[in-house]
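Numbering (our numbering), first residue to last: 163 to 343.
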């Protein structure tokens, strides 16, 4: 589990899912704001133990080390996250993602190829128990092919070119005679 210590990131749900799957959970999460501390105290801290450990916020090197050594990134978000950088970072480390099909997750995670997406806790548990079906090299390859800087720049340039051609393919707007000076 990687992210912010807030309810919509699903930290409390990750605890329940990991325990149900019999998989230890390491939580690396930012916790600076009062609401993040309150959420942690009420919904996460009471469930910490040998199998669920809160690491605190980790730096970039710590994040890469944690992701590269993880069986999966458990990401049971409950909001329409617009992009999901943690998922990309996980896949770039060769680590599959198990999460909910919210926001950009279906665009990033290919179900059954780079991880598993499910709405229910049972589906997330099944995903964690099926990680042996995922080829970690394919996770890395997908990131290189679909989300490299070169690929992203090329996509933006093609979009801008389509927009430019679309704007010049129409005749110029007609001006009202009173606007002619």
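By construction, the Cβ of each residue, glycine as well, lies at the ideal position given by its N, Cα and C atoms.
Run through DSSP, which three-state label would residue i get?
i: residue 259; result: strand
i: residue 205; result: helix
i: residue 253; result: helix
i: residue 239; result: coil
i: residue 278; result: strand
i: residue 335; result: Confidence is the limiting factor: at residue 335 the pLDDT is only 49, short of 50, which leaves the residue's position unreliable, though a coordinate-based value still follows. Note: residue 335 maps to coil in three-state DSSP.
i: residue 214; result: strand
i: residue 195; result: coil
Quick one: what's got a C-beta closer than 8 Å to residue i's C-beta in the same chain, skipping five residues either side?
i: residue 205; result: 169, 173 and 174
i: residue 192; result: 165, 166, 167, 198 and 219
i: residue 337; result: Residue placement at residue 337 cannot be trusted, given a pLDDT of 41 that sits under 50; what the coordinates show is reported in the next sentence. Cβ neighbours of residue 337 beyond the five flanking positions: none.
i: residue 215; result: 186, 187, 188 and 189
Following the continuous beta strand (DSSP E) through residue i, name the residue where it begins and the one where it ends.
i: residue 300; result: Here residue 300 belongs to no beta strand (DSSP E); instead the alpha helix (DSSP H) covers 298–309.
i: residue 190; result: 187–192
i: residue 165; result: 164–166
Within its chain, find whatever has a CB closer than 7 Å to the CB of residue i; leave out the 5 residues flanking it on each side and keep chain order.
i: residue 309; result: 250
i: residue 293; result: 233, 234 and 258
i: residue 217; result: 188, 189 and 190
i: residue 244; result: 265 and 266
i: residue 279; result: 261, 262, 263, 267, 268, 271 and 273
i: residue 301; result: 253, 256, 257, 258 and 276
Buried or exposed: which applies to residue i, given that a residue is buried once 16 or more other Cβ atoms fall within 10 Å of its Cβ?
i: residue 269; result: exposed
i: residue 328; result: exposed
i: residue 295; result: exposed
i: residue 239; result: buried
i: residue 311; result: exposed
i: residue 203; result: exposed
i: residue 247; result: exposed
i: residue 236; result: buried
i: residue 317; result: exposed
i: residue 305; result: buried
i: residue 222; result: exposed
Is there at least one Cβ from chain B nearer than 8 Å to residue i's Cβ?
i: residue 175; result: Absence of chain B from the displayed structure is noted, only one protein chain being present.
Sort out for me which residues DSSP pairs residue i with in a bridge.
i: residue 273; result: 277
i: residue 313; result: Answer is none; residue 313 lacks a bridge partner.
Under 6 Å Cβ to Cβ from residue i, same chain only, skipping five residues before and after it: list those, please.
i: residue 283; result: 179
i: residue 298; result: 256
i: residue 242; result: 264 and 265
Grab the span of the alpha helix (DSSP H) containing residue i for me, first residue to last.
i: residue 286; result: 283–291
i: residue 224; result: 222–231
i: residue 176; result: 173–183
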